[in-house]
Amino acid sequence: MDVARQAGVSPSTVSRILNGTAKVSDDKRLAVLAAIDKMKFAPNQMAQGLKKGRSMTIGIVVQDISSPFFDETLRGVDDGLKGTGYASVIVSGHWNAEEEADRMRLLLARKVDGIILLSGRMSDQAVLGFSSQRPIVSTGRALQTRSALGFKLDNESGACMAVHHLIELGHRRIAFISGPANNIDATERLAGYTRALREANIELDQDLIVEGNYHEASGMLAMNRLFDTHQQFTAVFAANDLSAYGARLALYRKGIRVPDDISLVGFDDLPGSSYTTPPLTTIRQPLYDIGRIATQALLRIINGEEARGEVPPLELIVRETTRRVR
């Protein structure tokens with residue numbers, strides 16, 4: 001109303017200019033734009049969304065809200081939503097397929113316009129079923145339909161890259177702290193570890209593989225189990241950075257120097273990995289980019305455009321926790 005008064009036109013004329021729904025004279029258009037600029041006016045995007053049958057909200061299903069892994073991805077989502085008028089509703093699936101499905105139904109009941117699913121345990125078939133009701137973009141899986149898109153990184157190749165780095169430094173006895181056996185990413189990283197050894201003609205020693213659960217405490221416990229069984233090794237590959245942090249603490253408490261005595265490699269390149277002592281060599285997942293690109297792809301689907309998007313590849317980041325065998 002204030003803009004209309006300032007421009008000397010009716011409120012409906014202002015609405016038509018903002019929405020582009022009808023032609024108006026150049027004089028009126030210029031008058032309205034000048035009034036908007038003078039009054040620093042911003043249209044009510046929520047109201048505009050409701051007129052189009054939209055809630056202007058995006059649902060996001062994460063697995064662990066406390067994890068820095070998801071923090072970095074959510075930062076990308078947040079930046080992807082800036083200036084769009086959309087707000088996010090974040091829920092957690094806690095790595096449980098039934099709970100993830102329940103959270104998906106909750107978001108659908110709240111009439112979100114689309115959903116970003118960050119990893120998880122639900123089957124592809126279940127995700128595609130939900131996508132018949134609202135567009136979905138998911139990480140950690142390969143999907144490509146009109147209403148569903150998945151971004152899947154090559155975990156096996158990333159793990160292979162990490163182990164090859166250690167092999168190139170002369171390491172032959174390389175311990176592996178894996179992720180949980182029922183996690184597809186962890187399974188793929190184990191496959192990358194074994195592939196790298198095979199390609200280098202190094203015999204696989206099952207006693208050097210200890211299962212963790214992707215948390216710091218499990219990395220520390222896994223490292224201690226290796227010590228308790230008196231295994232001989234010169235390097236450790238941890239399936240994620242958090243496990244590497246725990247392993248580093250166990251090594252410190254044993255008086256073992258990194259990398260002088262044992263080299264250590266992680267996977268993820270969390271923000272804190274640049275600031276460990278010493279800074280951690282790791283495989284960089286483009287976590288921020290994944291969140292931002294997934295958000296942009298979802299908004300395209302919502303607007304009736306083609307479901308597409310491409311994230312950068314995994315990358316070896318060499319810092320100060322690895323060195324050549326003496």
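Each residue of the sequence shown is one higher than the one before, starting from 1 at the first, in full-length UniProt numbering.
A virtual CB, placed ideally from N, CA and C, is assigned to each residue, including glycine.
Small disclaimer: the values here were computed from a predicted structure and weren't measured.
Cβ neighbours of ARG292 within its own chain (closer than 8 Å, five residues either side excluded): GLY76, VAL77, ASP79 and GLY80. Assignment of PHE151 by DSSP, reduced to helix, strand and coil, places it in the strand class. Rounded to whole angstroms, the separation of the alpha carbons of ASP205 and TRP95 is 30 Å. Going by DSSP, GLU100 is part of no beta strand (DSSP E) but of the alpha helix (DSSP H) stretching over 97 to 109.
The count of Cβ pairs closer than 8 Å, one atom from the stretch 168 to 180 and one from the stretch 199 to 219, reaches three, so the stretches are in contact. When the Cα atoms are used, ARG323 and ILE167 turn out to be separated by approximately 11 Å.
Taking the CA atoms as reference points, ALA97 sits about 22 Å from THR145. Shown here for ILE317: same chain residues with a beta carbon closer than 6 Å to its own, the five before and five after excluded, namely ASP269, THR282 and ARG284 in chain order. Within the stretch 150 to 218, the runs of alpha helix (DSSP H) that reach at least 4 residues and sit entirely inside it are, in chain order, 155 to 168 and 184 to 199. Under DSSP, ASP268 takes part in a beta bridge, and its partners are ARG284. Taken through DSSP and simplified to helix, strand or coil, PHE69 comes out as helix. By the neighbour-count criterion, in which 16 or more other beta carbons inside 10 Å mark a residue as buried, TYR252 falls on the exposed side. Contact holds between the stretch 211 to 223 and the stretch 235 to 247, because three or more Cβ pairs, one in each stretch, are under 8 Å apart.
By the C-beta density criterion, GLU310 is exposed, having fewer than 16 other C-beta atoms within 10 angstroms.
Apart from sequence neighbours up to five positions away, the residues of its chain that approach ALA235 with a beta-carbon distance below 6 Å are LEU166, HIS171, ILE174 and SER263, ordered along the chain.
GLU216 is the residue among THR84, ARG141, GLU216 and GLU100 whose C-alpha sits nearest the C-alpha of PHE69. For PHE237, the three-state secondary structure derived from DSSP is strand.
According to DSSP, residue pairing for SER88 in a beta bridge involves ILE58.
Leaving aside the five residues that flank GLN232 on each side, the residues in its chain whose CB is nearer than 7 Å to its CB run, in chain order, ARG173. The residues THR229 and GLN231, in chain order, have a CB closer than 8 Å to that of ASP207 in the same chain once the five nearest residues on each side in sequence are set aside. In the same chain as SER119, and ignoring 5 residues on each side of it, the C-beta atoms closer than 7 Å to its own belong to GLN63, THR139 and GLY140, in chain order.
For the pair of segments examined, the stretch 154 to 165 was found not to touch the stretch 292 to 308: the number of CB pairs separated by less than 8 Å stays below three.
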